[in-house]
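Engineer: Below: one structure in structure tokens.
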Amino acid sequence: MAGTDGSFTPRPVWAQTSGQLALGGTFDTWTAVPGTDLTLPEAGVYQLEADVQGGVSGTGPITNVYVQAHLFDVTAGVEVPMTSRACFVFADTSTEARGLTIHGTATCGAMYEVAGPTVVRVEAMKHIDTGTVGGEVAFCLNFRTRKVSDG
């Protein structure tokens, strides 16, 4: 290779998206956040990171209410290991009825190896033991991926 040092710099492979989800009346069920499907276009190891904000409003007392998020491998039909995070966990133990609004943010992230083109997405779910909540949402503020090695 005359005139070169023989090094090779791989082309960058990355993607980024965002989305939001009204969690509605379904409890304890993972639900896809619309707009967050990303395609990992080729085999390799990818760095995945999603900043997710969850929120609810309701009337206290409320016990054990939370919004969780994780990354899901749509192609394989499995959760991306070690990505499940609680955006917040909250319990109001007062005895008075009062309006509450709760928000929290978490980052779901992992290094993830795939054997070929793969679709991954952000999913969220809500849970409540007792009380009344409404306006439950999950915002994926930024879901990004970049390839870090060929595997």
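Position one of the sequence shown corresponds to residue 1075 (this note's numbering), numbered consecutively onward.
From the three backbone atoms N, C-alpha and C, an ideal C-beta is built for every residue, glycine too.
If we call anything under 8 Å between Cβ atoms a contact, is Trp1088 one with Thr1219?
Structural biologist: In the sequence shown, the residue the question calls residue 1088 occupies position 14. In the sequence shown, the residue the question calls residue 1219 occupies position 145. In this structure, Thr1219 lies closer than 8 Å to Trp1088 by Cβ.
Engineer: Return the CA-CA distance between Gly1128 and Arg1195, expressed in angstroms with no decimal places.
Structural biologist: Locating residue 1128 in the sequence shown gives position 54, counting from the first residue. Locating residue 1195 in the sequence shown gives position 121, counting from the first residue. Cα to Cα, the separation comes out at about 16 Å.
Engineer: Need the endpoints of the beta strand (DSSP E) that Arg1220 sits in, please.
Structural biologist: In the sequence shown, counting from the first residue as 1, residue 1220 sits at position 146. Element bounds for Arg1220: 1204-1223.
Engineer: Which same chain residues, not among the five before or five after Gly1093, have their C-beta less than 6 Å away from its C-beta?
Structural biologist: The residue labelled residue 1093 in the question sits at position 19 within the sequence shown. Cβ within range, chain order: Val1107, Pro1108, Gly1109, Thr1110, Cys1214.
Engineer: Taking the alpha carbon of Met1185 as the point to measure from, which residue in Gly1118, Asn1216, Glu1170 has its own alpha carbon closest?
Structural biologist: Translated into positions along the sequence shown, residue 1185 becomes position 111. Checking every option, the nearest Cα to that of Met1185 belongs to Gly1118.
Engineer: Report buried or exposed for Phe1101, applying the criterion of at least 16 other Cβ atoms within 10 angstroms of its Cβ.
Structural biologist: Position 27 of the sequence shown holds residue 1101. So Phe1101 ends up on the exposed side.
Engineer: Buried or exposed: Glu1197, going by 16 or more other Cβ atoms within 10 Å of its Cβ?
Structural biologist: The residue labelled residue 1197 in the question sits at position 123 within the sequence shown. Buried, by the Cβ-count rule.
Engineer: DSSP has Val1152 in a bridge; who is on the other side?
Structural biologist: By 1-based counting over the sequence shown, the position of residue 1152 is 78. Val1152 pairs with Asp1147.
Engineer: Tell me whether Gly1173 sits in a helix, a strand or coil according to DSSP, three-state version.
Structural biologist: As a working note, residue 1173 is residue 99 in the sequence shown. Correct three-state label for Gly1173: strand.
Engineer: Return yes when the Cβ of Gly1183 is within less than 8 Å of the Cβ of Leu1122, no when it is not.
Structural biologist: On the sequence shown, position 48 is the one that residue 1122 refers to. On the sequence shown, position 109 is the one that residue 1183 refers to. Yes; because the gap between Cβ atoms is below 8 Å, this pair is in contact.
Engineer: So, Leu1114 versus Val1211, is the Cβ gap smaller than 8 Å?
Structural biologist: In the sequence shown, counting from the first residue as 1, residue 1114 sits at position 40. In the sequence shown, counting from the first residue as 1, residue 1211 sits at position 137. In this structure, Val1211 does not lie closer than 8 Å to Leu1114 by Cβ.
Engineer: Using only CA atoms, which one of Thr1179, Thr1204, Thr1169, Val1193 lies nearest to Glu1153?
Structural biologist: For the purposes of this step, residue 1153 is taken as the residue at position 79 of the sequence shown. Selected option, being the one with the closest Cα: Val1193.
Engineer: Which first and last residues belong to the beta strand (DSSP E) in which Asp1166 is found?
Structural biologist: Counting from 1 along the sequence shown, the entry for residue 1166 is found at position 92. Looking at the DSSP string, the run of the beta strand (DSSP E) that includes Asp1166 is 1159-1166.
Engineer: So Thr1178 and Thr1133 are in contact, right, with Cβ under 8 Å, and what is the actual spacing, rounded?
Structural biologist: Counting from 1 along the sequence shown, the entry for residue 1178 is found at position 104. Counting from 1 along the sequence shown, the entry for residue 1133 is found at position 59. It is worth fixing the name first, because residue 1178 is Gly in this sequence and not Thr. Gly1178 to Thr1133, Cβ: 19 Å. No contact.
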